[in-house]
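For what it's worth, this note's numbering labels the leading residue of the sequence shown as 12, then goes sequentially.
Comments concern the structure below.
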Amino acid sequence: MENLRILIDNHQEERLPTAPLYKKTEQILNALGCDNHELSIVITDDAQVRDLNRTYRGKDAPTNVLSFPMQEGEFSDITPGLLGDVVISLDTARAEALEAGISTDERMSQLLIHGILHLMGFDHELGEDQTRKMEEKSLELLRRIEDNPNLTAF
Numbered sequence: 012m013e014n015l016r017i018l019i020d021n022h023q024e025e026r027l028p029t030a031p032l033y034k035k036t037e038q039i040l041n042a043l044g045c046d047n048h049e050l051s052i053v054i055t056d057d058a059q060v061r062d063l064n065r066t067y068r069g070k071d072a073p074t075n076v077l078s079f080p081m082q083e084g085e086f087s088d089i090t091p092g093l094l095g096d097v098v099i100s101l102d103t104a105r106a107e108a109l110e111a112g113i114s115t116d117e118r119m120s121q122l123l124i125h126g127i128l129h130l131m132g133f134d135h136e137l138g139e140d141q142t143r144k145m146e147e148k149s150l151e152l153l154r155r156i157e158d159n160p161n162l163t164a165f
């Protein structure tokens, strides 16, 4: 996919391999009918995610994933193929994976799907119906990119 752009933050001591992340992202976007779109994925640490969360959401705490959609707001028509940015905290992903008894890669898949669905307009904070729709789509996508049949949606 020529229009897929993945950025890896260099502040990580142990970098995540980008090839599997790229492949999973490509599979997710193709399944969503976005085979000619662009997005950025940043894998970083809790400190940077906390700064972004505080700046853009007013929450002074790290979180696992943040999404910055470009298809919303006044200027969304300027670059129709640009979906936006997904920022994932590798620190939090690792901790959550350990707690859930899954691999870090599996947790990263869950977070990647969650972030991309937010870019596509899904929002679990808009009520039970929207939460259910997002969970169903998350599970559908997860089954496409992960082999573990017991892995649940975000």
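Just so you know, even glycine gets a beta-carbon here, dropped at the ideal spot from N, CA and C.
Do ILE124 and LEU152 have their C-beta atoms closer together than 8 Å? In this structure, LEU152 lies closer than 8 Å to ILE124 by Cβ.
Check the C-beta distance from ASN75 over to LEU122 and give it rounded, since I have them as a contact under 8 Å. The beta-carbon separation of ASN75 and LEU122, rounded to 6 Å, stays under the 8 Å limit for a contact.
As a quick exercise: from ILE113, MET119, ALA58, pick the residue whose alpha carbon is nearest that of ASN159. Closest option to ASN159, Cα to Cα, is ILE113.
Which residue wins for smallest C-alpha separation from ILE54, given the options GLU146, LEU43, TYR33, ALA72? Each of GLU146, LEU43, TYR33, ALA72 was checked against the Cα of ILE54, and the nearest Cα belongs to TYR33.
Residue interval of the beta strand (DSSP E) (run including GLU49): For GLU49, the uninterrupted beta strand (DSSP E) segment begins and ends at 49-55.
Simplified DSSP assignment, three categories, for ASP96: It is a strand residue.
Output yes or no for whether 8 Å exceeds the beta carbon distance between GLU50 and ASP96. As written in the sequence, residue 50 is Leu, which differs from the Glu given in the question. Here LEU50 is near ASP96, since their CB atoms are less than 8 Å apart.
Which residue's Cα is closest to the Cα of ALA164: LEU150, ARG155, ALA30? Ranking LEU150, ARG155, ALA30 by Cα distance to ALA164 puts LEU150 first.
Apart from the five residues just before and just after ILE39, which ones in its own chain have a Cβ nearer than 8 Å to its Cβ? Hits under 8 Å: LEU123, ILE124, ILE127, LEU152, ARG155, ILE156.
When you compare only the Cα positions, how much space is there between THR103 and ASN47? Separation of THR103 and ASN47 (C-alpha to C-alpha, rounded to the nearest whole angstrom) is 31 Å.
GLN59 versus ALA30, THR29, LYS148, ILE99, residue with shortest Cα-Cα distance: Residue ILE99 is the option with its Cα nearest to GLN59.
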